[in-house]
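Asker: Respectively, the protein sequence lines represent chains A and B.
Residues in the first sequence are numbered consecutively from 0, following numbering that gives the first Met the number 0.
Residues in the second sequence are numbered consecutively from 0, following numbering that gives the first Met the number 0.
Before I ask anything, here is the structure I am working with.
2 protein chains.
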Amino acid sequence: MGPTSTSSSAQRSRGRPRKMAVPEAVTTALRLVDEDGLDSLTMRRLAAALDVQAGTLYRHFATKQTLLAAMAEEMLAGCAGPLPDGLTWREQITELAGRLRMALLRHRDGARVHAGTHSVGPNTLSYTDTLVGVLRETGLSPEAATRTALTIVHFIVGHTLEEQAAQALAESTELPATLTLLHAALDPGTYPNLAAAEATLTSTDFVGHFAHGLNLIIKGLAGE
Amino acid sequence: MGPTSTSSSAQRSRGRPRKMAVPEAVTTALRLVDEDGLDSLTMRRLAAALDVQAGTLYRHFATKQTLLAAMAEEMLAGCAGPLPDGLTWREQITELAGRLRMALLRHRDGARVHAGTHSVGPNTLSYTDTLVGVLRETGLSPEAATRTALTIVHFIVGHTLEEQAAQALAESTELPATLTLLHAALDPGTYPNLAAAEATLTSTDFVGHFAHGLNLIIKGLAGE
DNA sequence: ACCTGAACACCGTTCAAGT
DNA sequence: ACCTGAACACCGTTCAAGT
């Protein structure tokens, strides 16, 4: 009989199989993470969002880890862009550090995506190159500049991991229970310093916390 | 009849169902992670190692996350123990920071276990309490001491995450490919600073890297 | 009270077969 | 060359039923 009726349930797919584009797959994966969180990103869900079979993804990404590395790389787009003229080296470091933090914050679970992978793509490499460059211009040796860049990046990743974990907790139903548990544990007799720290520990002023930590490192650099 | 025979450890299931002990489950889970890595730790494998059905675990841990938090808490045992007498505040900070780093390094993927959870158990709380205490003794306000403690912990976690990722990469078959890729990318024309940084970036002197970063923070503190 | 057994609704990954 | 369809060997979690 006539071949006209064969495409019944396929609301997207028409006659030919869809051809998959790698950059679209990466941005779609990031969108899925933004919508439902990293734990909900599966190869099968991504395939469905791309209107493709799950197995097809493995023609473009060897494993899920490879996909995650591509996502981490994509997140850093623009982070190494040119710095405004006339900044002091302190301001240059602050600018670069702020860019990385914002890049990780821009996507839900962005820090986890970044920390869980090891990208050697151009965005990642040029970011590190730029940061090491700024540090070398302050007079640091290549080794000291590299170690300092690593220190700064490790602080940013650790900080943002915590910041996004706090965000996730704030949106979850566990928040009251955790806060109660924490408050109950803050017995001044047992944890005298934690009791004094409660206001700061439960504060959501992550901008302030970040600035404090980064300034500590920058100050250490100046004292060299 | 005496109760003498009931304590036999029954390494296979005998007549009665095995009764599960929570502390044993946590240490067994850490052992499984040490043996096969965090990605291989499943509730079903842990159940099998405990000679119990998978569903039984849910009577003791609400979710896998709860188990991971208990593991993170267990890893920090002893980290807040008393400091030797006669240390300067710098040495006290270095000692506490080193203890946390070593605690995370002691188990495979320890930093990932720690970073992925949010423990409010006594080991975690008393570690933070002790660190904040040392910082307050240097004259810092409760807020500054808390923020500084967070900075130090975030650096340690970020650093150790990277250190264990490098360890995992070193043991994997991807190492030569990654190293080649990195070396190829180190074109002095494109990434001049990365080229100068290669020796440091590919070095495995994590003790040195850690000391450099921590000293930067401590120096920043001294300049306050 | 605590565990078993079995199920539910998924996973990452592979690969012969189609076009 | 690139995708589909179907399978393999698993997952976390729930819950009626046993003891």
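Every residue, glycine too, gets a C-beta built ideally from N, C-alpha and C.
Following the continuous alpha helix (DSSP H) through glycine 97 of chain B, name the residue where it begins and the one where it ends.
Answerer: The residue labelled residue 97 of chain B in the question sits at position 98 within the second sequence. Run containing glycine 97 of chain B: 88-104, per the alpha helix (DSSP H) assignment.
Asker: For a contact meaning CB atoms closer than 8 Å, what does aspartate 35 of chain A contact in chain B?
Answerer: Mapped onto the first sequence, residue 35 of chain A falls at position 36. Under the 8 Å cutoff, chain B gives no residues; its nearest Cβ is about 17 Å from aspartate 35 of chain A.
Asker: For the alpha helix (DSSP H) that contains methionine 42 of chain A, what are its first and last residues?
Answerer: As a position in the first sequence, residue 42 of chain A is number 43, starting the count at 1. It spans 42-48 - the alpha helix (DSSP H) in which methionine 42 of chain A sits, taken as one unbroken run.
Asker: Could you please give the first and the last residue of the uninterrupted alpha helix (DSSP H) stretch that includes phenylalanine 236 of chain A?
Answerer: Any answer about residue 236 of chain A is impossible in this case: the structure gives chain A only from 0 up to 223.
Asker: Measuring alpha carbon to alpha carbon, tell me which residue in B/Arg107, B/His117, B/Thr145 is nearest asparagine 192 of chain A.
Answerer: Residue 192 of chain A sits at position 193 when you count from the first residue of the first sequence. Closest by alpha carbon: B/Thr145.
Asker: Does any CB atom of chain A fall closer than 8 Å to the CB of asparagine 192 of chain B?
Answerer: For this step, residue 192 of chain B is matched to residue 193 along the second sequence. Yes, because at least one Cβ of chain A sits closer than 8 Å to the Cβ of asparagine 192 of chain B.
Asker: Between the Cα of leucine 31 of chain A and those of A/Gly85, A/Thr159, A/Val112, A/Leu178, spot the shortest distance and give me the residue it belongs to.
Answerer: Residue numbering aside, residue 31 of chain A sits at position 32 when the first sequence is read from its first letter. When each option's Cα is compared against that of leucine 31 of chain A, the closest is A/Val112.
Asker: Quick test of your reading: leucine 95 of chain A and threonine 129 of chain A, contact by CB under 8 Å. State the CB separation rounded to the nearest angstrom.
Answerer: As a first step, residue 95 of chain A must be located in the first sequence, where it is residue number 96. As a first step, residue 129 of chain A must be located in the first sequence, where it is residue number 130. With a Cβ gap of about 6 Å, leucine 95 of chain A and threonine 129 of chain A count as contacting.
Asker: Distance cutoff 8 Å, beta carbons only. Does threonine 145 of chain A sit that close to anything in chain B?
Answerer: Your numbering for residue 145 of chain A matches position 146 in the first sequence. Chain B, which has a Cβ nearer than 8 Å to the Cβ of threonine 145 of chain A, makes this yes.
Asker: For alanine 184 of chain A, decide whether its Cβ has a neighbour in chain B, counting only Cβ atoms nearer than 8 Å.
Answerer: For the purposes of this step, residue 184 of chain A is taken as the residue at position 185 of the first sequence. Closer than 8 Å: yes.
Asker: Looking at the structure shown, is serine 140 of chain B part of a helix, part of a strand, or coil, going by DSSP?
Answerer: Looking up residue 140 of chain B in the second sequence gives position 141. Coil at serine 140 of chain B, not helix or strand.
Asker: Could you tell me if threonine 247 of chain B is buried or exposed, where buried requires 16 or more neighbouring beta carbons within 10 angstroms of its beta carbon?
Answerer: Given that chain B is displayed from residue 0 to residue 223, the structure contains no residue 247 of chain B and the question cannot be resolved.
Asker: Please classify threonine 123 of chain A: is it buried, with 16 or more other beta-carbons within 10 angstroms of its beta-carbon, or exposed?
Answerer: Position 124 of the first sequence, counted from the start, is the residue given in the question as residue 123 of chain A. Answer is buried; the Cβ neighbour count reaches 16.
Asker: Give me the Cα-Cα distance between alanine 20 of chain A and lysine 63 of chain A, rounded to the nearest whole angstrom.
Answerer: Walking along the first sequence from the start, residue 20 of chain A turns up at place 21. Walking along the first sequence from the start, residue 63 of chain A turns up at place 64. Each residue's alpha carbon lies about 16 Å from the other.
Asker: Sorted by chain position, which residues of the same chain lie with C-beta nearer than 7 Å to leucine 160 of chain B's C-beta, five sequence neighbours on each side aside?
Answerer: Looking up residue 160 of chain B in the second sequence gives position 161. For leucine 160 of chain B, where only same-chain residues beyond five positions count, the Cβ hits under 7 Å are Ala110, Arg111, Ala114.
Asker: Just by C-beta distance, which residues in the segment 129-143 of chain B are closer than 7 Å to chain A?
Answerer: Answer in chain order: Val131, Gly132, Arg135, Pro141, Glu142.
Asker: Are the C-beta atoms of valine 112 of chain A and some chain B residue less than 8 Å apart?
Answerer: In the first sequence, counting from the first residue as 1, residue 112 of chain A sits at position 113. By this cut-off, valine 112 of chain A is not an interface position.
Asker: Taking the alpha carbon of proline 22 of chain B as the reference point, which residue from B/Leu49, B/Ser39, B/Ala195 has its own alpha carbon closest?
Answerer: The residue you call residue 22 of chain B lines up with position 23 of the second sequence. Checked all of B/Leu49, B/Ser39, B/Ala195; the closest Cα to proline 22 of chain B is B/Leu49.
Asker: Is the CB of alanine 61 of chain A under 8 Å away from at least one CB in chain B?
Answerer: As a position in the first sequence, residue 61 of chain A is number 62, starting the count at 1. With 8 Å as the cut-off, alanine 61 of chain A does not count as an interface residue toward chain B.
Asker: At a Cβ threshold of 8 Å, is serine 8 of chain A touching chain B?
Answerer: For this step, residue 8 of chain A is matched to residue 9 along the first sequence. Below a pLDDT of 50, predicted positions are generally treated as unreliable, and serine 8 of chain A, at 32, falls in that range; the measurement from the model is reported next regardless. No - not a single Cβ of chain B is within 8 Å of the one on serine 8 of chain A.
Asker: I need the straight-line Cα distance from aspartate 186 of chain B to alanine 143 of chain A, nearest angstrom please.
Answerer: Counting from one through the second sequence, the residue named residue 186 of chain B turns up at place 187. Counting from one through the first sequence, the residue named residue 143 of chain A turns up at place 144. Aspartate 186 of chain B and alanine 143 of chain A: Cα-Cα distance of roughly 21 Å.
Asker: So leucine 220 of chain B packs on threonine 147 of chain B, CB below 8 Å; how close in whole Å?
Answerer: Position 221 of the second sequence, counted from the first residue, corresponds to residue 220 of chain B. Position 148 of the second sequence, counted from the first residue, corresponds to residue 147 of chain B. 7 Å between Cβ atoms; contact.
Asker: Just how far apart, CA to CA, sit leucine 104 of chain B and leucine 75 of chain B?
Answerer: On the second sequence, position 105 is the one that residue 104 of chain B refers to. On the second sequence, position 76 is the one that residue 75 of chain B refers to. If you take the alpha carbons of leucine 104 of chain B and leucine 75 of chain B, they lie about 11 Å apart.
Asker: Would you check if there are 3 or more beta carbon pairs closer than 8 Å linking the segment 151-170 of chain A to the segment 148-167 of chain B?
Answerer: Output reads yes: the segment 148-167 of chain B touches the segment 151-170 of chain A.
Asker: Nearest-angstrom Cα distance between glycine 36 of chain A and alanine 47 of chain B?
Answerer: What you label residue 36 of chain A is simply residue 37 of the first sequence in a count that begins at 1. What you label residue 47 of chain B is simply residue 48 of the second sequence in a count that begins at 1. Using only the alpha carbons, I get a separation of about 30 Å.
Asker: Using 8 Å for Cβ pairs, my map puts leucine 45 of chain B next to leucine 56 of chain B. What's the rounded Cβ distance?
Answerer: Start at 1 with the first residue of the second sequence, and residue 45 of chain B comes out as number 46. Start at 1 with the first residue of the second sequence, and residue 56 of chain B comes out as number 57. Confirmed, Cβ separation roughly 7 Å.
Asker: Pull out every residue of the segment 149-173 of chain B whose Cβ sits closer than 8 Å to any Cβ of chain A, in chain order.
Answerer: Cβ contacts with chain A: Leu149, Thr150, Val152, His153, Phe154, Ile155, Val156, Gly157, His158, Leu160, Glu161, Ala164, Leu168.
Asker: Sorted by chain position, which residues of the same chain lie with C-beta nearer than 7 Å to serine 6 of chain B's C-beta, five sequence neighbours on each side aside?
Answerer: Looking up residue 6 of chain B in the second sequence gives position 7. In this prediction, serine 6 of chain B scores a pLDDT of 28, lower than 50, which makes its location untrustworthy; the coordinate-derived value is nonetheless stated afterwards. Cβ neighbours of serine 6 of chain B beyond the five flanking positions: none.
Asker: Valine 152 of chain A to arginine 107 of chain B, Cα distance in whole Å?
Answerer: As a working mapping, residue 152 of chain A is identified with position 153 in the first sequence. As a working mapping, residue 107 of chain B is identified with position 108 in the second sequence. Roughly 22 Å between the two C-alpha positions.
Asker: How about threonine 137 of chain B and isoleucine 216 of chain B: do their beta carbons lie closer than 8 Å?
Answerer: Counted from its first residue, the second sequence places residue 137 of chain B at position 138. Counted from its first residue, the second sequence places residue 216 of chain B at position 217. Cβ atoms of threonine 137 of chain B and isoleucine 216 of chain B: not closer than 8 Å.
Asker: Please list, in chain order, the chain A residues whose beta carbon lies closer than 7 Å to that of isoleucine 216 of chain B.
Answerer: Here the question's residue 216 of chain B lines up with position 217 in the second sequence. The answer, in chain order, is Leu215, Ile216, Gly219.
Asker: Does the beta-carbon of valine 206 of chain B have 16 or more other beta-carbons within 10 angstroms, so that it is buried, or is it exposed?
Answerer: Counting from 1 along the second sequence, the entry for residue 206 of chain B is found at position 207. Under this definition valine 206 of chain B is an exposed residue.
Asker: Alpha carbon to alpha carbon, how far is methionine 42 of chain B from alanine 176 of chain A? Give it in angstroms, no decimals.
Answerer: Stepping through the first sequence from its first residue, residue 176 of chain A is reached at position 177. Stepping through the second sequence from its first residue, residue 42 of chain B is reached at position 43. The straight-line gap from Cα to Cα measures roughly 24 Å.
Asker: How should histidine 182 of chain A be labelled, buried or exposed, when 16 other C-beta atoms within 10 angstroms of its C-beta is the threshold for buried?
Answerer: Here residue 182 of chain A refers to the residue found at position 183 of the first sequence. With fewer than 16 other Cβ atoms within 10 Å, it is exposed.
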